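Encoded as structure tokens, the structure appears first; notes follow it.
Protein chains: 2
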Amino acid sequence: MEDELAFIKRLRGKERDVPPGEHWIGDDAAVLDGGLLFATDVLVEGVHFDLEWCSGGDVGWKALAVNLSDLAAMGGTPRAAVVAMVVPRGRPALADEVAAGLGEAATNFGCPIVGGDTSAGETLVVTVSVLGAAPDSGAVLRSGAKDGDAIFVTGKLGGAAAALRLLQETKAGSATVLGAEPIGLERLRRPTPRLREGRAAARAGATAMIDLSDGLSGDLAHICEESGVGAVINASVIPVAPMATLADVFGGGDDYELCFVAADAASLTEAFARAGLDAPVCIGRVTRARQVLVEDHGTIGPMPEAGWRHRFC
Amino acid sequence: MEDELAFIKRLRGKERDVPPGEHWIGDDAAVLDGGLLFATDVLVEGVHFDLEWCSGGDVGWKALAVNLSDLAAMGGTPRAAVVAMVVPRGRPALADEVAAGLGEAATNFGCPIVGGDTSAGETLVVTVSVLGAAPDSGAVLRSGAKDGDAIFVTGKLGGAAAALRLLQETKAGSATVLGAEPIGLERLRRPTPRLREGRAAARAGATAMIDLSDGLSGDLAHICEESGVGAVINASVIPVAPMATLADVFGGGDDYELCFVAADAASLTEAFARAGLDAPVCIGRVTRARQVLVEDHGTIGPMPEAGWRHRFC
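Sequence lines, in order, name chains A and B.
In this text, residue positions in the first sequence follow this note's numbering: the first is 128, and each later residue adds one.
In this text, residue positions in the second sequence follow this note's numbering: the first is 128, and each later residue adds one.
This is the structure:
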């Protein structure tokens, strides 16, 4: 949203004496002294989710998972989370459902919830903030990509956006969509933060990394802007989720795979194999020219769409 | 709210293997390994504030200040904050106003804002999470009060509640109330977290501490419950803000003074004097009997009201 950019820029304007080694505002998580990572993300009913196609438990899970994805994108390890919840008047049972989902994700990903606050309000709003530890080699920022580096993604893209599109196009109940394509809907409801993949990429020398929350176009553009580079992506090698289109991949959000960049592609692939992880897929190269291009069966053009703009609202 | 208690209890149920020295859920801030403090608080339009009597800038200031008050209540020092903001559709300028107030408080209290997220939504919701450092002597919990300890407060109570009551009773514009009593309204809009007082109390051996966000009755009851003790308060020595009543003091929130408990009252008072702080006021004693009583001109009875329940909603 434009609001978000203005708000972030306004906060950035307050950022004067950032201590050496710290990074404030503008990456997936802030990096503080001692290798501490600190991030926050908010999920709003009617903007990020609809309780027609997900449960309160799903919202709780996702609220923690999307924050942990921010830690994953720095190569980090979760340490603790706090939760602030606004519960709609007349729907008090929602608080317990959301708490149950938060608890499941906390157990699953090893991130205890150590504090919380709650209030009545109009719609369900769940804000999670997480604290993490950067890898010993240092947090992987968005700004380290160099000309010639290989660009990787950690899994199939577009599945969550395809599931949301099907839900909206068909007005079908989630059971129908679930029957047709379980993977995308589960990704939309209960994403998996790629914590192990993020750590493996950091250890193996990734020079820049981001999580794909807003679609490949917008998120890859962030890496390119912060690094002062461009990219050429080969459309035909992008791993596309079942039933997803390239439009879902480029413009659709909520996949929470990681996109990272590395000079030595072979050692990245080996590191993932040693860690028992699915091989990351090389989808293109970093270029000196500051534009992001897509090559598709011999034609080349600018990458479509600027990114996910909370289309569900 | 009942919701809050249920939610907090549910999260507490997930709390199994809390490492030694850490404290999760149930105090003003969580205490993590390495003396890290971690807390979150949310402000919701129509519940915690009304833009009839405060500006977007006031909301930003207060959202950070109430979090810093949680750190103060542990004897802590602020380190960094992150902010998640839900901005109502059609009022995009609010985001910049809130950010400006956040920035002022951040500068004023030495707590940089290092990250943020924002979304559209129905009403203004500002969630801040803070990271702080515990004092070398260890964070002051709610649970250390002992029979015979003196109970202190750091300043005049009831001012914010009195201002809110006047606004509601008279339906007067804030300018009228401001003219009649500037202190309470300013406290309501732009509270001052008692960070220096909290550190002085911790250094001088405070055994339990809490910030007065929900009124003296509710907050002192938290200390007594967590410590397994009771208290007798002397009503006639409570420092009451101008235009405030004892009902405002006991049941009204938003003062953000600190209430702390200490075995050695004299050294507490000396420590505050040495630090150049206003003397804390001793308002009563901790007792073995597990009830909170108020002595008022020779009569003694239970402390009135259970605490602030977001009366503005």
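From the three backbone atoms N, C-alpha and C, an ideal C-beta is built for every residue, glycine too.
Only a predicted model underlies this, so the values are computations on that prediction, with no experimental measurement involved.
{"Query": "Neighbour-count burial assignment, Gly275/B, 16 or more Cβ in a 10 Å radius", "Result": "exposed"}
{"Query": "Gly237/B classed as buried or exposed, judged by whether at least 16 other C-beta atoms fall within 10 angstroms", "Result": "exposed"}
{"Query": "Contact list for Leu105/B against chain A, beta-carbon separation under 9 Å", "Result": "The requested residue 105/B does not occur in the structure, where chain B is confined to residues 128 to 440."}
{"Query": "Within 8 Å, strictly: CB atoms of Gly271/B and Leu164/B", "Result": "no"}
{"Query": "Spatial distance of Ala358/A from Ala166/B (CA atoms)", "Result": "40 Å"}
{"Query": "Given Val241/A as reference, the closest of Tyr383/B, Ala157/B, Leu251/B and Glu231/B once Cα atoms are compared", "Result": "Ala157/B"}
{"Query": "Thr396/A versus Val174/A, Gly332/A, Ser196/A and Ile360/A, residue with shortest Cα-Cα distance", "Result": "Gly332/A"}
{"Query": "Chain A within 8 Å of Trp188/B, Cβ atoms only", "Result": "no"}
{"Query": "Residue-chain proximity (Ser246/B, chain A), Cβ-Cβ < 8 Å", "Result": "yes"}
{"Query": "Any chain B beta carbon closer than 8 Å to Val376/A", "Result": "no"}
{"Query": "Interface partners of Asp168/A on chain B, CB under 9 Å", "Result": "Ala211 and Asp244"}
{"Query": "Selection from Glu224/A, Ala389/A and Leu291/A that minimises the alpha carbon distance to Thr372/A", "Result": "Leu291/A"}
{"Query": "Gly325/B versus Ile278/B: straight-line alpha-carbon distance, rounded", "Result": "14 Å"}
{"Query": "C-alpha distance - Trp435/A paired with Val280/A, whole-angstrom precision", "Result": "In this prediction, Trp435/A scores a pLDDT of 47, lower than 50, which makes its location untrustworthy; the coordinate-derived value is nonetheless stated afterwards. Their Cα atoms are separated by approximately 18 Å."}
{"Query": "Range of the contiguous beta strand (DSSP E) that encloses Leu293/B", "Result": "No beta strand (DSSP E) holds Leu293/B; the alpha helix (DSSP H) holding it covers Gly286 to Thr297."}
{"Query": "Sequence-distant residues of the same chain with beta carbon closer than 6 Å to Glu353/B, five excluded per side", "Result": "Arg269 and Ser270"}
{"Query": "Cα-Cα separation between Pro320/B and Leu420/A, rounded to whole angstroms", "Result": "51 Å"}
{"Query": "Range of the contiguous beta strand (DSSP E) that encloses Asp338/A", "Result": "Ala335 to Asp338"}
{"Query": "Run of the alpha helix (DSSP H) containing Asp346/A, from where it starts to where it stops", "Result": "Leu343 to Ser354"}
{"Query": "Whole-Å CB distance - Gly248/A paired with Val225/A, under 8 Å assumed", "Result": "In fact, because the Cβ distance is near 13 Å, the residues do not count as touching under 8 Å."}
{"Query": "Partners in chain B for Val171/A, counting only beta-carbon separations shorter than 7 Å", "Result": "Val213, Ser246 and Gly248"}
{"Query": "Neighbour list for His175/A in chain B, Cβ cutoff strictly below 9 Å", "Result": "Ser246"}
{"Query": "Cβ pair Ser423/B, Gly285/B closer than 8 Å", "Result": "One detail in the question is off: residue 423/B reads as Asp in this sequence, not Ser. Cβ atoms of Asp423/B and Gly285/B: not closer than 8 Å."}
{"Query": "Alpha-carbon to alpha-carbon, Val376/A and Leu343/A", "Result": "6 Å"}
{"Query": "Cβ of Ala156/B within 8 Å of any chain A Cβ", "Result": "yes"}
{"Query": "8 Å Cβ cutoff, Phe165/A in contact with chain B", "Result": "yes"}
{"Query": "DSSP state of Val359/A mapped onto helix, strand, coil", "Result": "strand"}
{"Query": "Beta bridge counterpart(s) of Arg412/B as assigned by DSSP", "Result": "Ala277/B and Val359/B"}
{"Query": "Rounded straight-line distance, which links the Cα of Ser340/A to that of Leu347/A", "Result": "11 Å"}
{"Query": "Val267/B versus Leu159/A: straight-line alpha-carbon distance, rounded", "Result": "24 Å"}
{"Query": "Cross-strand partners of His150/B (DSSP beta bridge)", "Result": "Val158/B"}
{"Query": "Spatially closest choice to Pro147/A from Gly161/A, Asp405/A and Val364/A, by CA coordinates", "Result": "Gly161/A"}
{"Query": "The stretch 338-351 of chain B: positions lying closer than 8 Å to chain A by Cβ", "Result": "none"}
{"Query": "Backbone secondary structure at Leu385/A - three-state DSSP", "Result": "strand"}
{"Query": "Chain B within 8 Å of Trp151/A, Cβ atoms only", "Result": "yes"}
{"Query": "Buried or exposed (CB count within 10 angstroms, at least 16 for buried), Gly187/B", "Result": "buried"}
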